[in-house]
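**Student:** Residue numbers (the UniProt record's numbering): 1 to 458.
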Ligand code: UDX
């Protein structure tokens, strides 16, 4: 089928490339001509593992095109996907101006039978509003608008598209549903679960899914706090509850608070939609403020437990909102670092992929290409992103480079015993902290180990 995609950002390029992999003829559209010229050459404006290879393969196959000309991209298309940005508005509701502008720009070029498919994450009722906007532009034209939300995680977007947990097809008329089914026909053969429903439900599914996942993270973060104060270990607790198939093991990893381009924005929009429709989402409203507070609280914890004073140096390892991406949108680093700087601390930072993107948001931070260089002379080190290379850090070497001995592992990547043997004071989340092993055979004491000692004779 011939498919046009309006918006060549993260979702547009990934979706376009994967639809071409399914065998469709795809044209990605963007008003930014420079971006289109780069994409035509196979150069990506974003980092996503495997996407550059897949994109170049698809360009080579002749099924993937790019254009800055709306008429050229849209004319003759069986479906036009809308994959433009939906930023947060001032009050937390989402700003749909780009979505509706895209609708108005494609309206004159739609053929009878072209289905407009909403891929951007939008609030309940947007497909209907889009229908009305296009109808206003085209008069008596038979407008078809469907909804097909994406569930792509940055860092594993291609896998998420090609091996989906489910595909949600939202349509309010049989023809649009038929077109959606045809686009996703290869998945029907592979028996991927497909949810066929009305557009309003498809829109609600996307928000409810993200809000629920964010709630899981918020929940385990609070359980981690409880484990820590009571002497428990959150990894055992998470495993113990996650094995219950009704709960599931995913998204039970404590951290410095969720970030990224979706969860913070989508939870705010979900709460705002709840208020608009008179069905307040109290749980999600509480989650939003708890998540913001967590980032501040964890910044204060570095200063307090590290006994840090103005002028001392903190090395931050990890700026991206999670591993395998260069994205720093609403990353914990962007809350925690300014907080440290406000208290007069000097901050050095490292990230394997996100130095460039982070430099646009952080001032006065010395950025390092090498993690060990970053930690040289540090009074405390903080891990904020779960990059594999941090898990493999040579802790003795790290300790040798540091002035202080505090290591705040806010992703629980390191083994307390290894940190302790390397002479580090490890503060992790939801488990007992580890003091440096001072003398061989002497167990850590005091507040660093709140475990109850076993009786000597059993
Ligand atoms: C998310 C959804 O997972 C995806 O389905 C949707 O389409 C877009 O939003 P993404 O933002 O790429 O994807 O990242 P995700 O892997 O979901 O992580 C979001 C945030 O939660 C990150 O900051 C991550 O570090 C944090 N997280 C995730 C945790 O703190 N603990 C977990 O157990 C999982």
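C-beta atoms are modelled at their ideal positions from N, C-alpha and C, and glycine is treated no differently.
1. Can you find the residues in the same chain that come closer than 7 Å, C-beta to C-beta, to residue 204, ignoring five residues on each side of it along the sequence?
2. Taking 7 Å as the line, does the beta carbon of residue 161 fall inside it for any heavy atom of the ligand UDX?
3. If you drop the 5 nearest sequence neighbours on each side, which residues of the same chain put their C-beta closer than 7 Å to that of residue 527?
4. Short check: CB of residue 345 to CB of residue 308, under 8 Å?
5. Would you grab the beta carbon distance between residue 153 and residue 195 for me? Rounded to a whole angstrom, and I think it's under 8 Å.
6. With a threshold of 6 Å on Cβ separation, who are the neighbours of residue 172 within its own chain once the five nearest residues in sequence on each side are excluded?
7. If we require 3 or more residues per run, which beta strand (DSSP E) segments fall completely within the region 30 to 72?
8. Could you check the C-alpha separation between residue 76 and residue 120 for me, to the nearest Å?
9. Could you tell me the distance, in whole angstroms, from the CA atom of residue 396 to the CA atom of residue 409?
10. How many whole angstroms separate the CB atoms of residue 247 and residue 267, which I take to be in contact at a CB cut-off of 8 Å?
11. Under the criterion of a Cβ to heavy atom distance below 7 Å, does residue 39 qualify as lining the ligand UDX?
12. Return helix, strand or coil for residue 368, following the three-state DSSP convention.
13. Between the alpha carbons of residue 358 and residue 319, how many angstroms are there, rounded?
14. Give the list of continuous alpha helix (DSSP H) stretches no shorter than 4 residues that lie fully inside the region 279 to 325.
15. List the whole-angstrom C-beta distance separating residue 85 from residue 9, where the pair is believed to meet the contact cut-off of C-beta under 8 Å.
16. Just the Cα atoms here: how many angstroms apart are residue 333 and residue 384?
17. Just to confirm before moving on: does the CB-CB distance between residue 323 and residue 387 stay below 8 Å?
18. Check whether the Cβ of residue 324 sits closer than 7 Å to any heavy atom of the ligand UDX, and report yes or no.
19. Answer yes or no: the CB of residue 150 versus the heavy atoms of the ligand UDX, is any distance below 7 Å?
20. Quick check on the DSSP output: the alpha helix (DSSP H) that includes residue 216 runs from which residue to which?
21. Considering only heavy atoms of the ligand UDX, does any lie closer than 7 Å to the CB of residue 154?
22. Which of the three DSSP states, helix, strand or coil, is assigned to residue 83?
23. Tell me whether the beta-carbon of residue 468 lies closer than 8 Å to the beta-carbon of residue 217.
**Tutor:** Reading it off the structure:
1. 124
2. no
3. For residue 527 there is no data in the structure shown, the boundaries of the chain being 1 and 458.
4. yes
5. Contact doesn't hold; Cβ gap of about 19 Å is too wide.
6. 198, 199
7. 64 to 67
8. 22 Å
9. 16 Å
10. Incorrect: roughly 20 Å between the Cβ atoms, too far for contact.
11. no
12. strand
13. 7 Å
14. 282 to 305
15. 6 Å
16. 7 Å
17. yes
18. no
19. yes
20. 199 to 230
21. yes
22. coil
23. With the chain represented from 1 up to 458, any question about residue 468 goes unanswered, as that position is not in the structure.
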